[in-house]
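Mapping of the sequence shown onto our numbering: residues 646 to 862, in sequence order.
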Amino acid sequence: MTTHVHPATALDPTERARLGRRAQLLAGASVAYNAVEAVVAITAGVVAGSVALVGFGLDSVVEVSSGLIILWQFRHRLPESREKQALRLMAISFFALAGYVTFESVRTLVTGHDPDSSPVGIGLAVASLLIMPFLSWAQRRTGRALGSNAVVADSTQTLLCTYLSAVLLVGLLLNTTLGWSWADPLAGLVIAAVAAREGREAWRGDSCSCGPVCTPE
């Protein structure tokens, strides 16, 4: 479902500055959490031979880059002038993630590699399922108030992390409890497909940077 929110042109400079600081604070929190998440997921994924875990960790790297892009944008005196560049950078990071995870997932399915179980990965997926929805909600609310497509896109990336956490958790649990090794690369392909879709949406989002903000619900 897509809603259309018009830019907050009526905001006075003080309120816009306050919302800009909030956007930076939320982006900083996202960067900090996802940096830790990336290290844990990639390390656990390499140890267990799990393409889904490594893909999830790389998605966290994309989340970090997304937060840094928002910080870069709002360091400018006129953040709106960097809107298009911010969206394009986010889209490119999504496309890179989708390409890599697709390649690794297909390679794993073809070679028949059996990943080990990963209690650390399961715990990480559960933690992200609990934390990410609240952070995404705060980012989306701030982005709508500012009329910023880039902040809304960042909130979408955070929400994507929630969905991917669920996909990752199912894949890891199926592999651990039932020995379905194919569930891991299949989860990786789902992660790649969603990342590619979000990359396409972010790339197209610049076309309405001066119009309505398009926000997935």
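Backbone N, C-alpha and C define an ideal beta-carbon position, used for all residues, glycine too.
Count the other CB atoms, across all protein chains shown, that sit within 10 Å of the CB of residue i; report buried if there are 16 or more and exposed otherwise.
i, result
"A677", "exposed"
"L775", "exposed"
"F748", "exposed"
"F719", "buried"
"A832", "buried"
"A662", "exposed"
"V684", "exposed"
"R785", "buried"
"E660", "exposed"
Could you tell me the alpha carbon to alpha carbon distance between residue i and residue j, rounded to whole angstroms?
i, j, result
"R666", "A790", "13 Å"
"V796", "S750", "30 Å"
"Y808", "S738", "18 Å"
"L754", "V812", "17 Å"
"L641", "C806", "Residue 641 lies beyond the range of the chain shown here (646 to 862); nothing can be said about it."
"R838", "I714", "A small correction: the amino acid at residue 838 is Ala; Arg does not occupy that position in the sequence shown. Going from the Cα of A838 to the Cα of I714 covers about 23 Å."
"L814", "V771", "7 Å"
"A680", "R752", "27 Å"
"L664", "A840", "28 Å"
"A698", "P658", "This sequence places Leu at residue 698; Ala is not what is there. Cα to Cα, L698 sits roughly 43 Å from P658."
Run through DSSP, which three-state label would residue i get?
i, result
"A653", "Low confidence applies here, because A653 scores a pLDDT of 48, under 50, leaving its location unreliable; read the following figure in that light. Reduced to three states, the DSSP call for A653 is coil."
"G694", "coil"
"W848", "helix"
"L671", "helix"
"G792", "coil"
"S810", "helix"
"R786", "helix"
"G824", "coil"
Since residue i contacts residue j with CB under 8 Å, what's their CB separation in whole angstroms?
i, j, result
"A686", "G702", "3 Å"
Notebook entry, point to check: Could you give the uninterrupted runs of the beta strand (DSSP E) lying entirely in the region 697-781, keeping only those of 3 residues or more?
Noted result: You should have found no qualifying run.
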